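**Q** What follows is a single structure, and I will ask about it in a moment.
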Amino acid sequence: MQDLSPEIEKQVIKIQVDQSLTSIWDALDLTKEERKEKKKNLRKLLFDAYSDYVTKEYFELEQIKRELIKTKKLFQQTKDKYGAFTVIIPNDCEKLPVREQIKRIQKLTEDLETQYQSQKETCKARLQILNSLYDDLGVPVRSRGEFSEDDDTDYSRSKIRRTNQKIDQLQSEKDRRVELNSTLSNHINDQAKLTEEPIEPEVEDISMNLTVTKNAITTLEETSSSLITLKNNRSDTIRIYIRRIKELYSLLAVDEQNWIKFSTLPTASNISLLEQEIEFLESQKEHRIPQIIAIDKEEINRLCGILKIPKFRRPEYVGDDMIEELQFYRNALSQLENQINSSQVNSSPIGKTSFNESSMLSSIRDLPKNVSLNSNQTNSYSKYTSPYKLMTNTSIANTSLDSTKVTGSPSGITSRISPIKYNSKEFNSPAVKTRPKYDLTSPLFGSKTYTIDDNDEYDAIIRNRRSPSVADSLSPKERKEIYLRSRMPFYV
Numbered sequence: 114m115q116d117l118s119p120e121i122e123k124q125v126i127k128i129q130v131d132q133s134l135t136s137i138w139d140a141l142d143l144t145k146e147e148r149k150e151k152k153k154n155l156r157k158l159l160f161d162a163y164s165d166y167v168t169k170e171y172f173e174l175e176q177i178k179r180e181l182i183k184t185k186k187l188f189q190q191t192k193d194k195y196g197a198f199t200v201i202i203p204n205d206c207e208k209l210p211v212r213e214q215i216k217r218i219q220k221l222t223e224d225l226e227t228q229y230q231s232q233k234e235t236c237k238a239r240l241q242i243l244n245s246l247y248d249d250l251g252v253p254v255r256s257r258g259e260f261s262e263d264d265d266t267d268y269s270r271s272k273i274r275r276t277n278q279k280i281d282q283l284q285s286e287k288d289r290r291v292e293l294n295s296t297l298s299n300h301i302n303d304q305a306k307l308t309e310e311p312i313e314p315e316v317e318d319i320s321m322n323l324t325v326t327k328n329a330i331t332t333l334e335e336t337s338s339s340l341i342t343l344k345n346n347r348s349d350t351i352r353i354y355i356r357r358i359k360e361l362y363s364l365l366a367v368d369e370q371n372w373i374k375f376s377t378l379p380t381a382s383n384i385s386l387l388e389q390e391i392e393f394l395e396s397q398k399e400h401r402i403p404q405i406i407a408i409d410k411e412e413i414n415r416l417c418g419i420l421k422i423p424k425f426r427r428p429e430y431v432g433d434d435m436i437e438e439l440q441f442y443r444n445a446l447s448q449l450e451n452q453i454n455s456s457q458v459n460s461s462p463i464g465k466t467s468f469n470e471s472s473m474l475s476s477i478r479d480l481p482k483n484v485s486l487n488s489n490q491t492n493s494y495s496k497y498t499s500p501y502k503l504m505t506n507t508s509i510a511n512t513s514l515d516s517t518k519v520t521g522s523p524s525g526i527t528s529r530i531s532p533i534k535y536n537s538k539e540f541n542s543p544a545v546k547t548r549p550k551y552d553l554t555s556p557l558f559g560s561k562t563y564t565i566d567d568n569d570e571y572d573a574i575i576r577n578r579r580s581p582s583v584a585d586s587l588s589p590k591e592r593k594e595i596y597l598r599s600r601m602p603f604y605v
């Protein structure tokens, strides 16, 4: 406490010394001046004590005032929290003592809390629903803005409206993602079933629980996309394999009845089956193609004999490419068949036909290696039927071309080449009255006894080999020759 002048101290503290203190001073034999000094010291001590007391009272008043300010602030926050902007502190409250003001304002605040309790509970419930949607959608707390936490500062009607709007927005997004989850899950299940691929446990959990977080939807989309890519890649592979197998079937002269049943299912097992079939067919090329070439050459020579084409003009392949050689003779055979058909239609002299070997060879060499001729090149049998048919299971069991002992075929194909049975039209003809037996000899098939037991077929084949007018004029020996060659093409 700052020292004060004696005049001020006298104004604040007045000392009246009683008899007890005077008697003490008398006993001490204090002079007047000494007594005056004692009174001065006493006055100072009393003033300091009073000053300390006043200071404490002042601090107490300040504390109460701060409490009043805090109470008023809490009242204002409560007003703002509920949006009760019309509620105010009455003017007469300012005239009350500080402690009374505090009590009055506290009562106003409590009344606000009671009045807006229902609104507060509604807002809290809506916030809980909103945050549940945020959790379902996998939105992190830091990205939820004003709805990141319930800080007990805003339960106003405007906050409830904003919350409801956000709930509608998130619910719409959740519904969209649930539908997307369901669609993707169904698509994944369909693709997995189609491709026979297992579904990852994580994907199954997402599908079963209808998880709609961004990461979950991304996982489903990536899984669906990968299965589609897998299916498309396998489908492309299967198309390539099927095309290759058909090429090999055509190349190896496989009867269509003995083809495997093609499946386009994009499964690993289907691809494996096709790969095994390709591997098997590729393994047959080495010994099968020379056999087919030999058959084609025999038939070409026979047709050239019918067309009376001299040997030096007959097609002869020059080279060392086995595939090219096969295509060459197939093309040559097709041209010869067309010439026979043309000669039958136009009744032109057979001996005047010709064969252009050089043009045919150039066209064959233009073809890519390991690719079979198309249907127009290999199946042009409108009137004439090729004497060999491909891939039967029993026709050539006793011949040198028998492939029933070949193992490793995944499709159960056991043989590859046999003579064709001519499917004749039925019509009556008196050309043949008997059904004799003939002993036939072939350099490839060996000896065999054959009986002409179908008069209609006999006559039909003869008429198919010759025009009707020429067929009727043939001698029995010539008719026999034609018939036997049609039934056993390597008859000599």
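When the sequence shown is numbered by my numbering, its final residue is 605 and no position is left out of the sequence of numbers. All C-beta atoms in this analysis are idealised placements derived from N, C-alpha and C, irrespective of residue type, glycine included. Computed from a prediction, not measured in an experiment: that's the story for all the values here.
1. Excluding the 5 residues preceding and the 5 following L250 in the sequence, name in chain order all residues of the same chain whose CB lies nearer than 8 Å to its CB.
2. Give me the residue from Q189, E207, A381 and I341 with the minimum Cα distance to T199.
3. Rounded to the nearest angstrom, what separates Q129 and T184 at their Cα positions?
4. Give the C-beta separation of L307 and I280 to the nearest angstrom, bearing in mind that I take them to be a contact with Cβ-Cβ under 8 Å.
5. Would you call the segment 262-273 and the segment 229-240 in contact, with 3 or more CB pairs under 8 Å?
6. What are the start and end residues of the alpha helix (DSSP H) that includes W138?
7. Determine the direct distance from the alpha carbon of G258 to that of L209, and round the result to whole angstroms.
8. Take E412 as the anchor and find which of A381, E450 and S376 has the nearest alpha-carbon.
9. Taking all protein chains shown into account, do 16 or more other C-beta atoms lie within 10 angstroms of the C-beta of R57, making it buried, or fewer, making it exposed?
10. Could you check the C-alpha separation between S493 and S447 for me, to the nearest Å?
11. Where does N322 land, buried or exposed, given buried means 16+ other C-beta within 10 angstroms?
12. Please tell me whether L416 and I453 are closer than 8 Å, where the distance is taken between their beta carbons.
13. Using 8 Å as the Cβ pair cut-off and three pairs as the minimum, do the segment 369-388 and the segment 420-440 touch?
14. Around the Cβ of R179, are there at least 16 other Cβ atoms within 10 angstroms (buried) or fewer (exposed)?
15. Start and end of the alpha helix (DSSP H) containing I419?
16. Closer than 7 Å by C-beta to T266: which residues in its own chain qualify, once you throw out the five before and the five after it? Chain order, please.
17. Nearest CA to the CA of N294: which residue from T332, L174 and F441?
18. In the structure shown, what three-state DSSP assignment does S269 receive?
19. Assuming I402 contacts L439 (C-beta within less than 8 Å), just tell me the rounded distance between them.
20. Measuring only the C-alpha atoms, how far is R212 from N154?
21. Is F172 helix, strand or coil by DSSP?
22. For the alpha helix (DSSP H) containing Y354, name the first residue and the last one.
23. Examine the ligand ADP and report whether any of its heavy atoms sits within less than 7 Å of the Cβ of Q230.
24. Evaluate R356 with the Cβ neighbour count: other Cβ atoms within 10 Å of its Cβ, from every protein chain shown; 16 or more gives buried, anything less gives exposed.
25. With burial defined as no fewer than 16 other Cβ atoms inside 10 Å of the residue's Cβ, what is the status of Q246: buried or exposed?
**A** In short, the structure shows the following:
1. L283, E286, K287, R290, V325, T326 and K327
2. Q189
3. 47 Å
4. The Cβ separation is near 40 Å, so there is no contact.
5. yes
6. Q132 to A140
7. 43 Å
8. E450
9. Only positions 114 to 605 of the chain appear in the structure, and residue 57 is not among them; the question remains open.
10. Any reading at S493 is ruled out, since the residue's pLDDT is 29, under 50, leaving its predicted position unreliable.
11. exposed
12. yes
13. no
14. exposed
15. A381 to I419
16. K194
17. T332
18. coil
19. 5 Å
20. 39 Å
21. helix
22. K327 to L364
23. The ligand ADP is not among the ligands present in this structure, which contains no ligands whatsoever.
24. exposed
25. A small fix is needed here, since residue 246 is Leu in this sequence, not Gln. The residue in question, L246, is buried, as its Cβ has 16 or more Cβ neighbours within 10 Å.
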